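>
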Amino acid sequence: MTRYEEAKKMYEAMGVDTEKALNTLKDVTISVHCWQGDDVVGFDSKESLSGGIQTTGNYPGKASTPEELMADIDMAFSLIPGKKKLNLHACYAIFENGEFADRDALEPKHFQKWIDFAKERGIGIDFNPTFFSHPMVKDGLTLSSPCEDVRKFWVKHGIQCLKISEHFANETGIPCVMNIWIPDGYKDIPADRLAPRMRFKKSLDEILSTPYDKSKVYVTLESKVFGIGLESYTVGSAEFTLSYSTKAGITPLMDNGHYHPTELVSDKISSLLAFNEKIALHITRGVRWDSDHVVLLDDETKEIAKEIVFHDALDRVFIATDYFDASINRISAWVTGVRNVQKALLNALLLPAQQMKQLQENSDFTQLMYLQEEAKTMPFGDIWAEFLTREGVEVAYYNKIKNYEEKVLVKR
Ligand code: RNT
Ligand code: ZN
-5 MTRYEEAKKM YEAMGVDTEK ALNTLKDVTI SVHCWQGDDV VGFDSKESLS GGIQTTGNYP
55 GKASTPEELM ADIDMAFSLI PGKKKLNLHA CYAIFENGEF ADRDALEPKH FQKWIDFAKE
115 RGIGIDFNPT FFSHPMVKDG LTLSSPCEDV RKFWVKHGIQ CLKISEHFAN ETGIPCVMNI
175 WIPDGYKDIP ADRLAPRMRF KKSLDEILST PYDKSKVYVT LESKVFGIGL ESYTVGSAEF
235 TLSYSTKAGI TPLMDNGHYH PTELVSDKIS SLLAFNEKIA LHITRGVRWD SDHVVLLDDE
295 TKEIAKEIVF HDALDRVFIA TDYFDASINR ISAWVTGVRN VQKALLNALL LPAQQMKQLQ
355 ENSDFTQLMY LQEEAKTMPF GDIWAEFLTR EGVEVAYYNK IKNYEEKVLV KR
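Using this note's numbering, you'd call the opening residue of the sequence shown number -5 and step up by one each time.
1) Can you tell me whether S265 is buried or exposed, with buried defined as 16 or more other CB within 10 angstroms of its CB?
2) Under 8 angstroms by Cβ, that's how I've got T235 and L215 pegged, so tell me the actual separation to the nearest angstrom.
3) Does any residue of chain C bring its CB to less than 7 angstroms from the CB of G243?
4) Grab me the residues of I168's own chain with a C-beta within less than 6 angstroms of its C-beta, minus the 5 sequence neighbours each way, in chain order.
5) If you compare alpha carbons, which of P75, D261, E13 is closest to Q336?
6) Got a sec? Which residues, its chain only, sit under 7 angstroms from A163 by beta carbon, not counting five neighbours each side?
7) Compare the beta carbon distance of L343 and A369 with 7 angstroms and say whether it is the shorter of the two.
8) Given a cut-off of 7 angstroms on the beta-carbon distance, is the pair L224 and G179 in contact?
9) On a Cα-Cα basis, can you pick out the residue from H104, I176, F71 that is closest to N91?
10) Could you check the C-alpha separation between T12 and E6 for me, to the nearest Å?
11) Are three or more beta carbon pairs between the region 135 to 144 and the region 184 to 204 nearer than 8 angstroms?
12) What span of residues does the beta strand (DSSP E) with E216 cover, start to end?
13) Cutting at 6 angstroms between CB atoms, please list the residues of its own chain near L135, excluding the five before and the five after it.
14) List, from N- to C-terminal side, the alpha helix (DSSP H) runs of 4 residues or more that fit wholly inside the region 350 to 374.
15) Use the C-beta contact count for Y391: other C-beta atoms within 10 angstroms, 16 or more gives buried, fewer gives exposed.
16) If you compare alpha carbons, which of T383, S226, S39 is closest to D186?
17) I think A242 touches L290, with their Cβ atoms under 8 angstroms apart; what is that distance to the nearest whole Å?
18) What's the call for D133, buried or exposed, on a 16-neighbour Cβ count within 10 Å?
19) Give every residue whose Cβ lies closer than 5 angstroms to any heavy atom of the ligand ZN, listed in chain order.
20) Helix, strand or coil for H104 per DSSP?
21) Go through the region 289 to 360 residue by residue and report every complete run of the beta strand (DSSP E) that reaches 3 residues or more, in order.
22) Start and end of the alpha helix (DSSP H) containing C155?
23) Measuring alpha carbon to alpha carbon, tell me which of T383, T124, L19 ends up nearest I313.
24) How would you write the range of the alpha helix (DSSP H) that I263 sits in, first residue to last?
25) Using the rule of at least 16 other Cβ atoms within 10 Å of the residue's Cβ for burial, across every protein chain shown, is M172 buried or exposed?
26) Determine whether the beta carbon atoms of I325 and I395 lie at a separation below 7 angstroms.
27) What does C170 pair with, by DSSP beta-bridge criteria?
28) Would R145 be called buried (16 or more neighbouring beta carbons within 10 Å of its own) or exposed?
Here you go:
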């Protein structure tokens, strides 16, 4: 008997069908963020990263051209099993022949190379307007700016991105999730917390008044609690974005680095599922703050996955990764983090969900704890290895990445 067959029997004895788990996992799409490959720099501006987010580290081999980034994404994707989508930011527009378009004038043609890339690989594209790292961010503000020129510039950017998102969906035949996140906020105690929020609300209304096909583009709105240099106040707080999403009929997005350190996104998912047909997640790992460390197979990642799986919500949750580590091999960072999201999902799929829920309903908390703890020492690794084998992906990826580093990355 192979290790998989033995493990399968052990799971069967616990009432879990490993074949069903593997078949479910292979159809789950993870939207992989392109910005891990170049430390959130992009190709459209010489500005350094702003918006209260930061990459630290100077590991060699960062992608600095579209060709390099695409090659690195291909390398990472070859080591990541399952279904993937490419998550692009507007600042990754590709200009050719000396041409340039500012953020308020971006068009689908500036993403033609990405469309070709996605089509050749049979994957969809998600999109993000880039409201940071740009001279039109004035005093840290974009859509909430009191300066009409600034606010209008960014509204136009949002509208153009909506058009580009719809174009992505039409070209790839796969719906596009377009996420809005603005860095707007204040370092110190504001005198007026309401006015910027009213302007943000108005700006979102203006962006969303552009007609778009809601079956092709899902607009999501991401909240945040604070940023570097924006410690005291964030315009797009959790309450603001949730209220706006509900009122406007768009999709709320939770990034698990965007809450106070003792708040858990795993506990928030069910509340949002109770009120929304779809919800969206940025899976990351904050260490003491929104540090965007590589996702690990830690308790919270597992619990987030459990919430999605136990509530039968795999088709209701848009799962994306969002982290950026420049201190280690960037491709390894990609592969490790995305695989950990998938491992967490598999872990959840291998739990006897129905039985556990029934134990809770019966107030049999003794047996529930017993089962929860026993599940932790089940031969999960053998099922994961089987998944990788079926997907034609090797379990051990370090040597492949090291080889690519020596052959490609260090020569850049
Ligand atoms: C920032 C948000 C946002 C960004 C990306 C680059 O705190 O998490 O999602 O990380 O848009
Ligand atoms: Zn995020």
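Each residue gets a CB set at the ideal place from its N, CA and C atoms; glycine is no exception.
As the structure is a prediction and not an experimental result, all values here were calculated from the model.
Let me lay it out:
1) Taking the first residue of the sequence shown as 1, we reach residue 265 at position 271. Exposed, because fewer than 16 other Cβ atoms sit within 10 Å of the Cβ of S265.
2) Along the sequence shown, read from residue 1 onward, the residue named residue 235 stands at position 241. Along the sequence shown, read from residue 1 onward, the residue named residue 215 stands at position 221. About 5 angstroms; that satisfies the 8 angstroms criterion.
3) Among the chains of the structure shown, chain C does not appear; only one protein chain is present.
4) In the sequence shown, counting from the first residue as 1, residue 168 sits at position 174. Answer for I168: G118, listed in chain order.
5) Locating residue 336 in the sequence shown gives position 342, counting from the first residue. Taking each of P75, D261, E13 in turn and checking the Cα distance to Q336, the smallest one comes out for P75.
6) Along the sequence shown, one-based indexing puts residue 163 at 169. Excluding residues up to 5 positions away in sequence, P169, C170, K210, V211 lie with their Cβ nearer than 7 angstroms to the Cβ of A163 in the same chain.
7) The residue given as residue 343 occupies position 349 in the sequence shown. The residue given as residue 369 occupies position 375 in the sequence shown. Result no, Cβ atoms of L343 and A369 do not sit closer than 7 angstroms.
8) Mapped onto the sequence shown, residue 224 falls at position 230. Mapped onto the sequence shown, residue 179 falls at position 185. Their beta carbons are under 7 angstroms apart, which means L224 touches G179 by this criterion.
9) The residue labelled residue 91 in the question sits at position 97 within the sequence shown. With distances taken between Cα atoms, N91 lies closest to H104.
10) Residue numbering aside, residue 12 sits at position 18 when the sequence shown is read from its first letter. Residue numbering aside, residue 6 sits at position 12 when the sequence shown is read from its first letter. Rounded to the nearest angstrom, the two C-alpha atoms are 8 angstroms apart.
11) yes
12) One-based indexing of the sequence shown puts residue 216 at position 222. For E216, the enclosing beta strand (DSSP E) starts and ends at 211 to 216.
13) Numbered from its first residue, the sequence shown carries residue 135 at position 141. Cβ within range, chain order: D178.
14) 359 to 369
15) The sequence position of residue 391 within the sequence shown is 397, counting from 1. It counts as buried.
16) To locate residue 186, count along the sequence shown from 1; it is residue 192. Nearest option by C-alpha distance: S226.
17) The sequence position of residue 242 within the sequence shown is 248, counting from 1. The sequence position of residue 290 within the sequence shown is 296, counting from 1. Not really, about 35 angstroms apart at Cβ, beyond 8 angstroms.
18) As a working note, residue 133 is residue 139 in the sequence shown. By the neighbour-count rule (16 or more Cβ atoms within 10 Å), D133 is not buried but exposed.
19) D249, H276, D316
20) The count along the sequence shown starts at 1 and reaches residue 104 at position 110. Note: H104 maps to helix in three-state DSSP.
21) The region 289 to 360 is shown to contain whole beta strand (DSSP E) runs of 3 or more residues at 311 to 315, in chain order.
22) The count along the sequence shown starts at 1 and reaches residue 155 at position 161. 142 to 166 is the span of the alpha helix (DSSP H), which, as asked, contains C155.
23) Taking the first residue of the sequence shown as 1, we reach residue 313 at position 319. Per the Cα distances, L19.
24) Indexing the sequence shown from 1 puts residue 263 at position 269. For I263, the enclosing alpha helix (DSSP H) covers residues 259 to 269.
25) On the sequence shown, residue 172 is found 178 positions in, with the first residue counted as 1. Per the 10 Å Cβ criterion, buried.
26) Reading the sequence shown from its first residue, position 331 is the one you call residue 325. Reading the sequence shown from its first residue, position 401 is the one you call residue 395. Yes, Cβ-Cβ distance for I325 and I395 is below 7 angstroms.
27) Within the sequence shown, the letter at position 176 stands for residue 170. Under DSSP, C170 shares a beta bridge with V211.
28) Looking up residue 145 in the sequence shown gives position 151. So R145 counts as buried.
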